[in-house]
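In my numbering, the protein residues as written are 23 to 593.
Ideal Cβ placement from N, Cα and C applies to all residues, glycine included.
Quick caveat: nothing in here was measured; it's all calculated off a predicted structure.
First the structure, in the form of structure tokens, and then the observations on it.
This is how it looks when you write it as structure tokens:
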């Protein structure tokens, strides 16, 4: 059952193309001015229980930000506080990956003069570490909600109209038959108190941040004891002896890396010719090579015909032959879908991208085609890096509702940057993969460079020189970054610097000296009058020896100022 079970408009009384998306929106101010005078008066006189109602308690809702800006806020959540990311996805997964990294370090310890001749993997303790990370994260969220007096309703949200929501009692757990490390029910916690009868609440604004759910592909009839979704794999009671992973995207690669380090025999099946097809080909090949090095069996160009009781039948496209793979467990990592009924959203008048089955929003405010309803995170088409994007969009929506950025927004003439161009994205394989910026088409105006970590002093000290940074820059002087992708143990930390540089460069290129406070802040840091060229990054001091120093070292290499490395120029 979807997180949002929208009531059909008929009970109470497709948008066709992304190319027409701009037709679905007019400027916030034009929209406000065009409101019928009677409608404005009614909006001013109607009394609402809350300023903002947020559907979903995950990172993308912006509930706490709204409260910090002085708004009264209610959250409607059908699952545990924190939503999918905290309870069933990002947090438990990365807690287990942390254990896998320790295992990898133990295997490599002899290189550092420490001989650990034997060690034992205690999965019960790994699972307890996972549970504790989830518990602490949820506790922090609960503390903030209490601090800002945010009302939480545990139930299923039904949007009635632009200002009203009916909350229905929960009929069953989102994840039934899932148990924590010590056999307890994760839902047996004092912050999970479902409502018993229908409740109707009203708000001046609504934020849809209900997230995504795993999609069951047509080659799987149903999940069973041997065929599971990613959440049930994470909360499985033991480490499977053999694991078949269907899907070579982010989750598929992360699971392959994690469970291989936990000593499972892994078969990774991908329908495309390479893993992580949305990444640069060189980066994808590096991930494939690393997974093969640790013993992962990778099957590419494979069309899955059927999955049943631990058996996977695939059609190999290159040889036009069939192969049957057996495993003690099969996990389906082929995709996710937004948790809403988009047909009913359309009946309410909300514009929908029918090709992607997502909500269309104004990227500057996260406002839908209904002025009082906003949407953030996995339910919108402009969010593909999930958590970082969702958090940012939640703040955009909160700021727009609170009218903190509207004057700046108007003065800048919609100069905000599309979020996907600058949001850092990380794939937590071991070592990690990260990206920032949109890889441009290769033209005479674009240059490509690669910088290897073999000359970074921190990498030499830690004996972690495997990996590289791939950079797309402008040919025109002064050179500026367009996109960056890298593979390295410290990729998740390093990418933040590149994301900031690319983001601010794009922002400044669309602004003038009087456009916003942001310009003056950045100008004071970088002493610039337009973009942030690489030469300015080279002037910044970095701590030594650190992995983040590689940002400066890579810039120096591109500008032919490197004192320690000869990289690769690909054009």
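- Residue 490 and residue 574 have their C-alpha atoms spaced approximately 14 Å apart.
- Cβ atoms of residue 352 and residue 336 stay farther apart than 8 Å, at about 12 Å.
- Residue range 571 to 580 is occupied by the alpha helix (DSSP H) that includes residue 580.
- Between the segment 68 to 88 and the segment 218 to 236, the count of C-beta pairs closer than 8 Å reaches three or more; the two stretches touch.
- Of all alpha-carbon atoms in 288, 463 and 156, the one lying nearest the alpha-carbon of residue 211 is that of 156.
- In the three-state reduction of the DSSP assignment, residue 274 falls in the helix class, which pools H, G and I.
- Following the DSSP letters along the chain, one finds residue 348 in no alpha helix (DSSP H) but inside the beta strand (DSSP E) bounded by residues 343 to 348.
- Per DSSP, the continuous beta strand (DSSP E) segment holding residue 490 begins and ends at 490 to 496.
- Per DSSP, the unbroken beta strand (DSSP E) holding residue 175 starts and ends at 173 to 176.
- Listed as beta-bridge partners of residue 300 by DSSP are no residues whatsoever.
- In this structure, residue 192 keeps its C-beta atom at 8 Å or more from the C-beta atom of residue 254.
- Residues 403 of the same chain have their beta carbon placed closer than 6 Å to that of residue 378, with the five preceding and five following residues left out of the count.
- The secondary-structure analysis by DSSP pairs residue 324 across a beta bridge with 338.
- Annotation: residue 311 to residue 274 spans about 15 Å, alpha carbon to alpha carbon.
- Just so you know, the alpha carbons of residue 396 and residue 87 end up roughly 14 Å apart.
- The Cβ atoms of residue 460 and residue 486 do not sit closer than 8 Å to each other.
- Under the three-state reduction of DSSP, residue 179 is assigned to strand.
- Listed in chain order, the non-local C-beta contacts of residue 479 below 6 Å within the same chain comprise 567, local neighbours out to five positions each way being set aside.
- When secondary structure is reduced to three states using DSSP, residue 409 falls in the helix class.
- Three or more Cβ pairs closer than 8 Å define a contact, and the segment 286 to 297 meets that threshold against the segment 314 to 321.
- Counting only the Cα atoms, residue 304 lies some 26 Å from residue 326.
- Every beta strand (DSSP E) stretch that sits fully inside the segment 443 to 477 and reaches 3 residues is listed by chain position as 447 to 449, 454 to 458 and 468 to 474.
- Taking all protein chains in view, the Cβ of residue 492 is crowded by 16 or more other Cβ atoms within 10 Å, so the residue is classified as buried.
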